[in-house]
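This report concerns only the one structure given below.
2 protein chains.
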Amino acid sequence: MNKKLQFGWVGEDNMALLTDLYEFTMADSYLRGKRNEEATFDLFIRHLPENRSFLVSAGLEDIVHFLGIMRFTDDSIHYLRTLNLLSDGFLSYLKNFRFTGTVYAIPEGEIYFPNEPAIVVTAPRIEAQVVETFLLNTFNFQSLIATKAARVVIAAEGRQVVDFSPRRDHGTDAAMKVARSSYIAGCVGTSNVLAGKEFGIPVYGTMAHSYVMSYKSEIESFREFVRDFPENSVLLIDTYDVIEGARNAIIVGKEMARKGQKLRGVRIDSGDLARLSKRARRMFDDAGLGYVRIMLSGDLNEYRIKEIIRKGGSADVFGVGTDMGTSRDAPALGGVYKLVEDNLGPRMKFSKGKVTLPGKKSVFRILGEDGRFRKDVITEEGGKPNSKDYYPLLVKVMENGNIIYDPPSLPKVRDRFLENLKLLPDDLKNIDEVHKYKVEISHSLKSIIKGIRSKIMS
Amino acid sequence: MNKKLQFGWVGEDNMALLTDLYEFTMADSYLRGKRNEEATFDLFIRHLPENRSFLVSAGLEDIVHFLGIMRFTDDSIHYLRTLNLLSDGFLSYLKNFRFTGTVYAIPEGEIYFPNEPAIVVTAPRIEAQVVETFLLNTFNFQSLIATKAARVVIAAEGRQVVDFSPRRDHGTDAAMKVARSSYIAGCVGTSNVLAGKEFGIPVYGTMAHSYVMSYKSEIESFREFVRDFPENSVLLIDTYDVIEGARNAIIVGKEMARKGQKLRGVRIDSGDLARLSKRARRMFDDAGLGYVRIMLSGDLNEYRIKEIIRKGGSADVFGVGTDMGTSRDAPALGGVYKLVEDNLGPRMKFSKGKVTLPGKKSVFRILGEDGRFRKDVITEEGGKPNSKDYYPLLVKVMENGNIIYDPPSLPKVRDRFLENLKLLPDDLKNIDEVHKYKVEISHSLKSIIKGIRSKIMS
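Okay, structure coming up:
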């Protein structure tokens, strides 16, 4: 993949300006006040979005790449100068800006939970500060979509799920990131051809109602299409009437069979999908076309898919669009990026509902005797959990500005997620009820917190 | 603005692949079947999203530009060949692809309604087909955000609204489009520096809690910041305690006043914003700092803003993030792109809830005697409304592949929206209740529909 192509909207040249203005004014003030000491910020999610019991990490590859190439072009600095806001000293500083920090992160495809540091940035304060907006924008969204897609994949119970969302995603970059994030979370592919090209994700497509309508009759449109794509035809059978459409597809499927060809499938995009798919399945089976696959689509989400399966609907593939691509029931992930340590030592906020765990930390996943996830433990940096079987969630990805992490291939990331999903306790896979996974604060970290609290209160 | 920078993710080179795969298989089939006759497609919204009474057009500039430069690079075609799906003839066709169609559209910033054709594409069928996904992706999202932002602006009743959403938007391209679309809908600016640079939108910023926390005391952080930005300081006063923060801001504001400087403002980001802002306002006024502006932020949306104002909260500026940037209560606009005319004549679907108005059409906005919007009328192409004061909503933007439209500057687009908003009936501006605006089908268009219906039924 061409790394130059990795970023949204403006390519990467001026991407360092995709930042809230206050990052620059604060940074300027730090520079003038000689306050550019080393500081550590945690990116973490405070609360699960509604209905969710776990989160899926996604977006890290973009973040590591960005931190590696982040520069302020002359063009960018010229614009900043026109604001008549920032000091000449700061603009000169930006000219030579390089990210020199050290970064730990939870790898893509790993399941994680609120309050666990997902990305930990230790760098001179200014560097750590000015990357905030990009990191949040990138991680929040991709993690949001991977989390939503995981729910859809769980609901499909082994049936295939394909991303059909490009027309409803929030712009072109979103369409790319949805394809990638949903693939990580177990989808088998996407309708988005560009995502196929750039990420190597399998692409899927059928036909639209306008194709069927462009012929005088439905069966004529089917015949035309299978003549052109004898090996790859998925016929859309609901333009006029699904049962009539299934009959036409059977006629065409038998015509193909006589030529030694196999109709690949049909798609139903409207109506009572459970009932219609069950009926269509029987029709195809009775006609000796048991190999014809049924794809369902049309405003699907994890709840509707579960309902279709519960009602005995017969689907091999679900095409899922708007609900997955926008995470419609919870379209934002409230990730935050908080100072946890600086020259004044470990820092924390005690505001109600907004507690921040202080200092550099480690996170461990503890496995039960059955090998499945038992709980996670957050410790101070260098701490160890009090258990036998565990693995650390945070991986060092950058050291002193150098990328020391070779991002796994996308299929490997996807495998990691699928392996995670197997080891996740079953109750957390219930899409209708939120269940709580245990995330423990270690005794030693608790003492550190106690110390800070008593110092503040004194 | 550099047009090369206009598109998301991959720049524009391979943007023609940001398309659902089926557009290509259908197009290939049309080419092989010699079915590339002229066809007309309407892009329109079937239903208003929940809670909305009107829509705001946005995204057209991107669309016109894309149709002008849309090409299939060798790189794109090479990838398509690897799919082993499309014919050599079709791949050769793509090599020389140019969009040669004619396009009418509702200009950006114009208020519009469901079932009104917002973009009308007439082109050889293949060309009209393969642009579908990009057009929907681009128009749906930007129109969605402009529509949401308009509600926030209405709720603010003349107070300023600033886009604070980049960290929660759906990727980098989304952050750019949110800044632009919300500015069209009356926001005064954005925190997104890159949007400031690329679109010339005013940028706004204050400071973060981490800045305040990075000093030993709040007042020290305030003093440092105003020393660095004496003309542009908006102090964040809720890191520890808002009232204490306001007292510290007053001390610093008075110190500034003695030097002939004016503290610009304070921001409150948490707590009971109505009560706290009212109290802070009084404190500043009593201290002779009546010019200090109060900015409120923290999970705001149109409903919360309205409530704050109703309760007598005192705000000059609202910073609005997640809810506006993701259109959280309705995060997708269900725009569709439907065949309405081809060599077989005007086409329409009669499916329940999915009716398509047939043929090429015109849309007119009828003004009442008070000059305000009275109703819209949809006619067949060339039709005229039966009224005195009206203007056409659709403007010809491309003719035979040539762009014949000089897109108005962004401030002009914003002015158009604000002018529209003045002329919109008051009940449609009620953010708590959905009201219906009259969109009429002309008698002549009704007869055409009747004719088609009786032909189909016969």
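Going down the list, the protein sequences come from chains S and C. When we follow my numbering, the leftmost residue of the first sequence carries the number 1, and every step to the right adds one. When we follow my numbering, the leftmost residue of the second sequence carries the number 1001, and every step to the right adds one. Ideal Cβ positions, reconstructed from N, Cα and C, are used throughout, including at glycine. Fair warning: this is a prediction, and the values are worked out from it, not measured in the lab.
Start and end residues, beta strand (DSSP E) containing S/Q142: S/Q142 -> not in any beta strand (DSSP E); alpha helix (DSSP H) instead, spanning E132 to A155.
Chain-order list of residues whose beta-carbon lies under 8 Å from that of S/Y30 (same chain, five-residue window excluded): N36, R125, I126 and Q129
Cβ contact check for the segment 1174–1186 of chain C and the segment 1321–1328 of chain C: 3 or more pairs under 8 Å: yes
Helix, strand or coil at S/M15 [DSSP, three-state]: helix
Reference C/S1214, options S/K338, S/D370 and S/N386, closest by Cα: S/K338
Proximal residues of chain C, C-beta to C-beta of S/R328 below 8 Å: P1331 and A1332
Other residues of its chain near C/V1203: CB distance less than 8 Å, five sequence neighbours each side excluded: G1189, T1190, S1191, N1192, V1193, A1195 and G1196
Interface flag, S/K34 vs chain C, CB-CB below 8 Å: no
Euclidean distance between Cα positions of S/P358 and C/Y1303: 35 Å
Cβ-Cβ separation, S/G59 to S/T138 (assumed contact under 8 Å), whole Å: 5 Å
Member of C/F1024, C/L1048, C/L1273 and C/T1073 whose CA lies at the smallest distance from the CA of C/D1013: C/T1073
S/S444 beta carbon less than 8 Å from that of S/L463: Lying outside 1 to 458, the shown extent of chain S, residue 463 of chain S is not represented and no answer is given.
Beta-carbon spacing of S/F44, S/P117 below 8 Å: Yes, these two residues count as a Cβ contact at 8 Å.
According to DSSP, residues forming a beta bridge with S/F44: S/V336
Interface flag, C/V1015 vs chain S, CB-CB below 8 Å: Strictly speaking, residue 1015 of chain C in this sequence is Met, with Val absent from that position. It does: the Cβ of C/M1015 has a partner Cβ on chain S nearer than 8 Å.
CB contact flag (S/Y405, S/V178, <8 Å): A distance of 8 Å or more separates the beta carbons of S/Y405 and S/V178.
Cβ-Cβ distance between C/L1263 and C/L1289 below 8 Å: In terms of Cβ geometry, C/L1263 and C/L1289 form a close pair [threshold 8 Å].
Helix, strand or coil at C/F1364 according to DSSP, with G and I counted as helix: strand
Start-end ranges of the alpha helix (DSSP H) lying completely within the segment 1072–1123 of chain C, minimum 4 residues: 1074–1082 and 1088–1095
For S/M398, the nearest candidate out of S/G383, S/D20, S/T147 and S/G101 (CA to CA): S/G101
Cβ pair C/F1375, C/V1439 closer than 8 Å: The sequence shown places Lys at residue 1375 of chain C, not Phe. Yes, the Cβ-Cβ distance between C/K1375 and C/V1439 is below 8 Å.
Segment limits, beta strand (DSSP E) that includes S/P392: Y390 to P392
Neighbourhood of C/F1164 by C-beta distance below 7 Å, restricted to the same chain and skipping five residues each side: S1191, S1297, G1319, V1320 and G1321
Cβ neighbour criterion (16 or more within 10 Å) applied to C/I1237: C/I1237 should be labelled buried.
Residue-chain proximity (S/F229, chain C), Cβ-Cβ < 8 Å: Under the Cβ distance rule, S/F229 counts among the residues neighbouring chain C, one pair being separated by less than 8 Å.
Beta-carbon proximity of C/F1090 to C/A1175, cut-off 8 Å: no
Contiguous alpha helix (DSSP H) assignments of at least 4 residues, all confined to the segment 238–303 of chain S: 242–258 and 273–286
C/R1081 beta carbon less than 8 Å from that of C/F1097: no
Contact residues within the segment 1217–1248 of chain C, judged by C-beta distance below 7 Å to chain S: E1224, F1225, D1228, F1229 and N1232
Alpha-carbon spacing of S/Q261 relative to C/Y1022, whole angstroms: Between S/Q261 and C/Y1022, the C-alpha separation is close to 21 Å.
Residue-chain proximity (C/H1170, chain S), Cβ-Cβ < 8 Å: yes
Any chain C beta carbon closer than 8 Å to S/L136: yes
Proximal chain S residues relative to C/N1192, where beta-carbon distance stays under 9 Å: Against C/N1192, the close residues of chain S are L17, L18, T19, D20, L21 and T133, in the order they occur along the chain (beta-carbon pairs closer than 9 Å).
Cβ-based neighbour list, C/E966, same chain, cut-off 6 Å, excluding 5 preceding and 5 following: Residue 966 of chain C cannot be examined here, being either before or after the span of chain C that is shown, 1001 to 1458.
Residue from C/P1411, C/F1141 and C/L1055 with nearest C-alpha to C/N1115: C/L1055
Collapsed DSSP secondary structure at S/Q6 in the structure displayed: Residue placement at S/Q6 is poorly supported in this model, since its pLDDT is 34, which falls under 50; the coordinates still yield a value, given next. Here S/Q6 sits in coil by DSSP.
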